[in-house]
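Have a look at the structure below, then the notes.
2 protein chains.
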Amino acid sequence: MNVITNDILLRTIKGEKVERPPVWLMRQAGRILPEYREVRASVSGFVELVKTPQLAAEVTVQPVDILGVDAAIIFSDILVIPEAMGLPYELIEKKGPFFPETIQSKSQISALIDGVDAAEKLHYVYDAISITKKQLNNRVPLIGFSGAPWTLLAYMIEGQGSKTFSKAKAFLYKEPQLSHLLLDKLTNSIIAYLKLKIQAGVDVVQVFDSWAGMLNKELYLEFCIPYLKRIVDSIAEIPVILFAKGAYFALDEICKLKPDVIGLDWTISASSFREQYDNKQLVQGNLDPCVLYSSSEQIKRRTIEMIDDFDGNHICNLGHGVYPDTPLSGVKEFIQTIKSYKYDY
Amino acid sequence: MNVITNDILLRTIKGEKVERPPVWLMRQAGRILPEYREVRASVSGFVELVKTPQLAAEVTVQPVDILGVDAAIIFSDILVIPEAMGLPYELIEKKGPFFPETIQSKSQISALIDGVDAAEKLHYVYDAISITKKQLNNRVPLIGFSGAPWTLLAYMIEGQGSKTFSKAKAFLYKEPQLSHLLLDKLTNSIIAYLKLKIQAGVDVVQVFDSWAGMLNKELYLEFCIPYLKRIVDSIAEIPVILFAKGAYFALDEICKLKPDVIGLDWTISASSFREQYDNKQLVQGNLDPCVLYSSSEQIKRRTIEMIDDFDGNHICNLGHGVYPDTPLSGVKEFIQTIKSYKYDY
Chain A
1 MNVITNDILL RTIKGEKVER PPVWLMRQAG RILPEYREVR ASVSGFVELV KTPQLAAEVT
61 VQPVDILGVD AAIIFSDILV IPEAMGLPYE LIEKKGPFFP ETIQSKSQIS ALIDGVDAAE
121 KLHYVYDAIS ITKKQLNNRV PLIGFSGAPW TLLAYMIEGQ GSKTFSKAKA FLYKEPQLSH
181 LLLDKLTNSI IAYLKLKIQA GVDVVQVFDS WAGMLNKELY LEFCIPYLKR IVDSIAEIPV
241 ILFAKGAYFA LDEICKLKPD VIGLDWTISA SSFREQYDNK QLVQGNLDPC VLYSSSEQIK
301 RRTIEMIDDF DGNHICNLGH GVYPDTPLSG VKEFIQTIKS YKYDY
Chain B
1001 MNVITNDILL RTIKGEKVER PPVWLMRQAG RILPEYREVR ASVSGFVELV KTPQLAAEVT
1061 VQPVDILGVD AAIIFSDILV IPEAMGLPYE LIEKKGPFFP ETIQSKSQIS ALIDGVDAAE
1121 KLHYVYDAIS ITKKQLNNRV PLIGFSGAPW TLLAYMIEGQ GSKTFSKAKA FLYKEPQLSH
1181 LLLDKLTNSI IAYLKLKIQA GVDVVQVFDS WAGMLNKELY LEFCIPYLKR IVDSIAEIPV
1241 ILFAKGAYFA LDEICKLKPD VIGLDWTISA SSFREQYDNK QLVQGNLDPC VLYSSSEQIK
1301 RRTIEMIDDF DGNHICNLGH GVYPDTPLSG VKEFIQTIKS YKYDY
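So the sequence lines, in the order shown, correspond to chains A and B.
Counting from 1, position 84 in the first sequence corresponds to residue 84 in our numbering; the numbering is continuous, with no gaps.
Counting from 1, position 93 in the second sequence corresponds to residue 1093 in our numbering; the numbering is continuous, with no gaps.
Here is the structure:
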């Protein structure tokens, strides 16, 4: 194993004293970069970009070169897992994901393949990881990711994004057993997928439970925590970041899963997290992405306030994926402010 | 003033011992009722229905007759205020509200009329209230409502619904002074509007801060709480219900405003609210609207659990407006369960 030149993310996760918090952005490989938009324009659709390892690797490395972030995150999509299991999706520009067929019955769930059989279909992701690792040449660590079981189920039932995910939630209430059956198969696939990503070379993995906030504590305890526990417990090889957006009501249970890092959205203040939960827990986040639309001075001030408030054990990021129309200057100001920060030990 | 026959809502708000919690549903006058859909089909659009007092009154009374709820809520829309101030909206079926022009500059904000001048334009609402009061004939109390300043600003800047309201939030960060100017004018208009509604005959008012959850504590303290305080403090004549959806991070400050009733969404459990905040606070909510898609037994069980968990000082409602495709049988089961409940004093 080669030594990574900029290893501040890995040292932070190990609990070492670091000179400043590391920084990367969710969705950093994406529309905020003109260089990304150029590559994107050269293919027919988003899914084609995801499935072309050479291009996926290219856009993965771009933010390392252009923004100077402390980690790369492999360019891909959380919905590759449902597709590998037998439920293909499209990505409609400006509208988001769309599943021509959705899951409604037990026979459909039974027909889905899972575990290694599903994960092995995603060779294009592992190829993209191998190419990226070569191109990164050990400059920064590479993060792999997966959607969490509930978030993937939500899309597979709902068929598309939604303000309420009422179809998916209705399924949990109406068909708890079928829900568990699907969540179990998803979990098998996610674990196998993350293992193959690790084999291909990722240094850290993040699990995105993007629609956690649609649920409540009771639903989260029944339909999410047991599966997240299986995932966290299965990945012993490398660090795991768990980001359950909006799941303020389940943070206690999420802490108990002991992922290496807990991602926080912008609604949870550093002080309230530090007071209510494990004070030493390594957290990731959580600047409101909308701050990056504001002035250079304000971005700087709010970023420093955030770092001060967390007071260590902290990986800098936004509290959500960077919004596609964020000015590049704002993104750069955010990253530069963090890289110029010095912890006062 | 006439005596209201079914006054269980008003007795609950007064703090009297009641035999069971009262119940009504946000968006009860709407697409869940076939009788509503019939009236809706007779006009060209949603906005026309809002602006036709006779029809607005008709659909307001429908859920009292058909569902047996303990209160009517006047059929209208929160966006009548921006329109009265000079920014008209349309309601596009299945897509939601749309503003052809949005607020971007100080001159646009200055050009908006506000206070009584704006509120007086909404004669069709007051007419609908008068007609409704006659038709209700004191069977149940009538609730009037308004959007909260932030939620109305959000639509006026964003121009439509959004998963992130990033334009509106960016405006708060980039133009705090203009934001305060607009919020102030909105507050003037909301107070004048609620006063005229009270004059027209409503018995209770509810303020909807539907997009509260997009913010965080810091933004909520700066851009929402002071305006909500002005509203709550201005309405001394009748009870005020304040529902800030998703604002778990500001519940402490919301309690301090001392509205008569605090609306809760489904993510906040009764036990966590009762433990963390004022145990005697009268609250409204908060069954997950998706429960109503499930079986009769499950609706009954979860509704009773909710009532037991709140253990009094409670107005039953969903934790969000009833979703338009909810089965009518589920809505009826919910209401029937509550009406059959008996508090065990």
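Note that the Cβ used here is the ideal one computed from N, Cα and C, for glycine as well.
D309(A) versus chain B: which residues are under 7 angstroms apart at the beta carbon?
Reading the first sequence from its first residue, position 309 is the one you call residue 309(A). In chain order: nothing, as chain B lies at least about 11 angstroms away.
Report the neighbours of C1290(B) on chain A: residues whose CB is nearer than 7 angstroms to its CB, in chain order.
One-based indexing of the second sequence puts residue 1290(B) at position 290. Chain A residues near C1290(B): S166, K169, A170, Y173.
N- and C-terminal bounds of the beta strand (DSSP E) containing C316(A)
Within the first sequence, residue 316(A) is the residue found at index 316, counting from 1. For C316(A), the enclosing beta strand (DSSP E) starts and ends at 314-318.
Rounded separation between Y124(A) and K51(A) - CA only
Locating residue 124(A) in the first sequence gives position 124, where the first residue counts as 1. Locating residue 51(A) in the first sequence gives position 51, where the first residue counts as 1. One Cα belongs to Y124(A), the other to K51(A), and the distance between them is close to 6 angstroms.
Assign V3(A) to one of two classes, buried (16 or more other C-beta atoms within 10 Å of its C-beta) or exposed (fewer than that).
Looking up residue 3(A) in the first sequence gives position 3. Per the 10 Å Cβ criterion, exposed.
Take L172(A) as the anchor and find which of D127(A), S105(A), D117(A), I129(A) has the nearest alpha-carbon.
As a first step, residue 172(A) is located in the first sequence; it is residue number 172 there, counting from the start. Distance from the Cα of L172(A) is smallest, within the candidate group D127(A), S105(A), D117(A), I129(A), for S105(A).
Buried or exposed by the 16-neighbour rule on C-beta atoms within 10 Å, applied to Y1345(B)
For the purposes of this step, residue 1345(B) is taken as the residue at position 345 of the second sequence. By the 10 Å Cβ count, Y1345(B) comes out exposed.
Closer than 6 angstroms by C-beta to L181(A): which residues in its own chain qualify, once you throw out the five before and the five after it? Chain order, please.
Translated into the one-based positions of the first sequence, residue 181(A) becomes position 181. Spatial neighbours of L181(A) in its own chain (CB-CB distance under 6 angstroms, excluding positions within 5 residues in sequence) are listed in chain order as I109.
Flag this pair as touching only if the segment 50-70 of chain A and the segment 327-339 of chain A have three or more C-beta atom pairs under 8 angstroms; answer yes or no.
Flag = yes, the segment 50-70 of chain A and the segment 327-339 of chain A touch.
CB of T60(A) within 8 angstroms of CB of A41(A), strictly
Against the first sequence, residue 60(A) aligns to sequence position 60. Against the first sequence, residue 41(A) aligns to sequence position 41. Going by C-beta atoms, T60(A) is not nearer than 8 angstroms to A41(A).
Could you please give the first and the last residue of the uninterrupted beta strand (DSSP E) stretch that includes V1240(B)?
By one-based count along the second sequence, residue 1240(B) stands at place 240. DSSP places V1240(B) in the uninterrupted beta strand (DSSP E) bounded by 1240-1244.
Identity of the residues DSSP links to Q160(A) by a beta bridge
On the first sequence, residue 160(A) is found 160 positions in, with the first residue counted as 1. DSSP lists F98(A) as partners of Q160(A).
So, under 8 angstroms CB-CB, A1270(B) and G1246(B) are touching, yes? Tell me the CB distance rounded to an integer number of Å.
The residue given as residue 1270(B) occupies position 270 in the second sequence. The residue given as residue 1246(B) occupies position 246 in the second sequence. Their Cβ separation, rounded to whole angstroms, is 17 angstroms, which puts A1270(B) and G1246(B) out of contact at 8 angstroms.
For S146(A): DSSP bridge partner residues
One-based indexing of the first sequence puts residue 146(A) at position 146. Answer by DSSP bridge pairing, in chain order: V207(A).
Per the contact definition of three or more C-beta pairs closer than 8 angstroms, is the segment 3-20 of chain A in contact with the segment 187-196 of chain A?
Counting Cβ pairs under 8 angstroms, fewer than three are found: no touch.
Identify the contact partners of N1317(B) in chain A, using a Cβ-Cβ distance below 7 angstroms as the criterion.
Indexing the second sequence from 1 puts residue 1317(B) at position 317. Going along chain A, no residue has its Cβ under 7 angstroms from N1317(B), so there is no contact; the nearest lies around 15 angstroms.
Would a check of beta-carbon distances place Q177(A) closer than 8 angstroms to chain B?
Numbered from its first residue, the first sequence carries residue 177(A) at position 177. Chain B contact via Cβ: absent.
Report the neighbours of W1150(B) on chain A: residues whose CB is nearer than 8 angstroms to its CB, in chain order.
Looking up residue 1150(B) in the second sequence gives position 150. What W1150(B) touches in chain A: nothing, since even the nearest Cβ is about 14 angstroms away.
Which residues share a DSSP beta bridge with G1263(B)?
What you label residue 1263(B) is simply residue 263 of the second sequence in a count that begins at 1. According to DSSP, which records beta bridges pairwise, G1263(B) is partnered with F1243(B), Q1284(B).
Chain A contact residues for W1266(B), given Cβ-Cβ distances below 8 angstroms
Start at 1 with the first residue of the second sequence, and residue 1266(B) comes out as number 266. Those are N216, listed as they occur along chain A.
Can you check whether the C-beta of Q206(A) is within less than 8 angstroms of a C-beta belonging to chain B?
Your numbering for residue 206(A) matches position 206 in the first sequence. So, not an interface residue.
Please confirm whether I73(A) and V322(A) have their CB atoms less than 8 angstroms apart.
Here the question's residue 73(A) lines up with position 73 in the first sequence. Here the question's residue 322(A) lines up with position 322 in the first sequence. No, these two residues do not count as a Cβ contact at 8 angstroms.
Please specify which runs of the beta strand (DSSP E), each continuous and at least 3 residues long, are wholly inside the segment 6-72 of chain A, giving them in chain order.
Listed in chain order, there is nothing to give.
For E218(A), report the span of its alpha helix (DSSP H) as first-last.
Translated into positions along the first sequence, residue 218(A) becomes position 218. 217-223 is the extent of the alpha helix (DSSP H) around E218(A).
Residues of chain A with a CB under 8 angstroms from the CB of K1163(B): which are they?
Here residue 1163(B) corresponds to residue number 163 of the second sequence, with the count starting at 1. G161, K163, listed in chain order.
Please classify I4(A): does DSSP put it in a helix, a strand, or coil?
Numbered from its first residue, the first sequence carries residue 4(A) at position 4. Looking at I4(A) - three-state DSSP - the assignment turns out to be coil, as it is neither helix nor strand.
Using a 10 Å radius around the Cβ and a threshold of 16 neighbouring Cβ atoms, would you call Q1199(B) buried or exposed?
Numbered from its first residue, the second sequence carries residue 1199(B) at position 199. Looking at its Cβ environment, which holds fewer than 16 other Cβ atoms inside 10 Å, Q1199(B) is exposed.
So the candidates are D1265(B), I1241(B), W1266(B); which of them puts its Cα closest to the Cα of K1258(B)?
Locating residue 1258(B) in the second sequence gives position 258, where the first residue counts as 1. Ranked by Cα distance from K1258(B), the first of D1265(B), I1241(B), W1266(B) is I1241(B).
With distance defined between alpha-carbon atoms, name the residue in N1279(B), E1048(B), Q1206(B) nearest to M1026(B).
In the second sequence, the residue the question calls residue 1026(B) occupies position 26. Of the listed residues, the one whose Cα sits closest to M1026(B) is Q1206(B).
Are E1253(B) and I1299(B) touching if we call contact CB-CB under 8 angstroms?
As a first step, residue 1253(B) must be located in the second sequence, where it is residue number 253. As a first step, residue 1299(B) must be located in the second sequence, where it is residue number 299. No, the pair does not count as a contact, with Cβ atoms beyond the cut-off.
Would DSSP call E1297(B) helix, strand or coil?
Stepping through the second sequence from its first residue, residue 1297(B) is reached at position 297. In this structure, E1297(B) counts as helix in the three-state DSSP scheme.
Do L1049(B) and A1057(B) have their CB atoms nearer than 8 angstroms?
Indexing the second sequence from 1 puts residue 1049(B) at position 49. Indexing the second sequence from 1 puts residue 1057(B) at position 57. Cβ atoms of L1049(B) and A1057(B): not closer than 8 angstroms.
Return the first residue and the last residue of the alpha helix (DSSP H) that E83(A) is part of.
As a position in the first sequence, residue 83(A) is number 83, starting the count at 1. Per DSSP, the continuous alpha helix (DSSP H) segment holding E83(A) begins and ends at 80-85.
Could you name the residues of the same chain whose beta carbon sits closer than 6 angstroms to that of V1064(B), not counting the 5 residues immediately before and after it, in chain order?
Within the second sequence, the letter at position 64 stands for residue 1064(B). Scanning its chain for C-beta atoms nearer than 6 angstroms, with the 5 sequence neighbours on each side dropped, one finds around V1064(B) the residues A1072, V1140, in chain order.
If contacts are defined as beta-carbon pairs under 8 angstroms, then E1019(B) and K1342(B) qualify, I think. What distance do you get, rounded to the angstrom?
The residue you call residue 1019(B) lines up with position 19 of the second sequence. The residue you call residue 1342(B) lines up with position 342 of the second sequence. Contact holds; Cβ gap of about 6 angstroms.
The alpha helix (DSSP H) with I131(A) in it runs from where to where?
Locating residue 131(A) in the first sequence gives position 131, where the first residue counts as 1. In this chain, the alpha helix (DSSP H) harbouring I131(A) covers 123-136.
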